[in-house]
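Encoded as structure tokens, the structure appears first; notes follow it.
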Amino acid sequence: MFSKELTELLFQVIKSWQVIAVTVVLVLYISLVNYAARAHHKPASVSKTKPKKKEKTKAAAKPDAKTPAEPEVTSQD
629 MFSKELTELL FQVIKSWQVI AVTVVLVLYI SLVNYAARAH HKPASVSKTK
679 PKKKEKTKAA AKPDAKTPAE PEVTSQD
């Protein structure tokens, strides 16, 4: 029977106007703090959001003929 009395008391406490008022005030306060934090945060600059495209030079686009693309593998027996 102890648990029945405890649950009834718990429901009465939760339904009390003081608990409801404090809960509403806390939710409004947290919302206000989050809004202020987001409003105060500096937005990212345009240069950071869109990286500049680097132009390919002719030397970078064309590999050097003297250096092979892959090193040669020689087997030593």
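Remember, the numbering used here sits 628 above the position in the sequence shown when you count from 1. The beta-carbon is built from N, C-alpha and C at its ideal position, and this holds for glycine as well.
As assigned by DSSP and simplified to three states, the class of residue i
i	result
His668	helix
Gln704	coil
Glu636	helix
Ser644	coil
Chain-order list of residues whose beta-carbon lies under 6 Å from that of residue i (same chain, five-residue window excluded)
i	result
Glu636	none
8 Å contact criterion, which residue i and residue j should meet: CB distance rounded
i	j	result
Lys647	Val641	First, the amino acid is wrong: residue 647 is Val here, not Lys. That pair is a contact at about 6 Å.
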